[in-house]
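For reference, each letter of the sequence shown is one residue, going 3 to 111 in my numbering. Even glycine gets a Cβ: it sits at the ideal position worked out from N, Cα and C. Being a predicted model, the structure only gives us computed values, none of them experimental.
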Amino acid sequence: MTVIKINAITVPAGSGDELAHRFAARAGAVDGAEGFEGFELLRPTDERAQWLVITRWRDEESFQGWLSSPGFSEGHRSAVERAGGDAPAPVSTHSEVWNYEVAGGSTPG
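Given below as structure tokens:
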């Protein structure tokens, strides 16, 4: 059964473009992970400060495998860090992961 992990990231006003840039810089880092089914970065279109990172996984074991993999650690390092430099300052002020499973829905067709 597909599991959904939503990382709700609180981003101060004016920092969203930098968050989007950092995600774009590591696009595809998770694509080859066992059980990975998809990823979306959602930008708020109202006054909310929370951006949502939504990932879909075949099962909880696949997600846990990704968390403990070298690919996870490497994918969360910046290009500057991979080149031997210092990590950039965080863009967010808070983050929490929400856990869901698909309980219903529809697909157009």
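{"query": "Quick one: give me the first and last residue of the alpha helix (DSSP H) that Ser64 is part of.", "result": "62-69"}
{"query": "Excluding the 5 residues flanking Glu62 on each side, which residues of the same chain have their C-beta closer than 6 Å to its C-beta?", "result": "Val5"}
{"query": "On the DSSP letters alone, give me the boundaries of the alpha helix (DSSP H) that Gly18 sits inside.", "result": "18-27"}
{"query": "With distances taken Cα to Cα, identify the nearest neighbour of Gly1 among Ala26, Gly106, Arg50, Glu42.", "result": "Within the shown structure, residues of the chain are numbered from 3 to 111, placing residue 1 beyond reach of any answer."}
{"query": "Would the segment 38-53 count as touching the segment 8-24 if we require 3 or more Cβ pairs under 8 Å?", "result": "yes"}
{"query": "Gly40 by DSSP, collapsed to three states: which one?", "result": "strand"}
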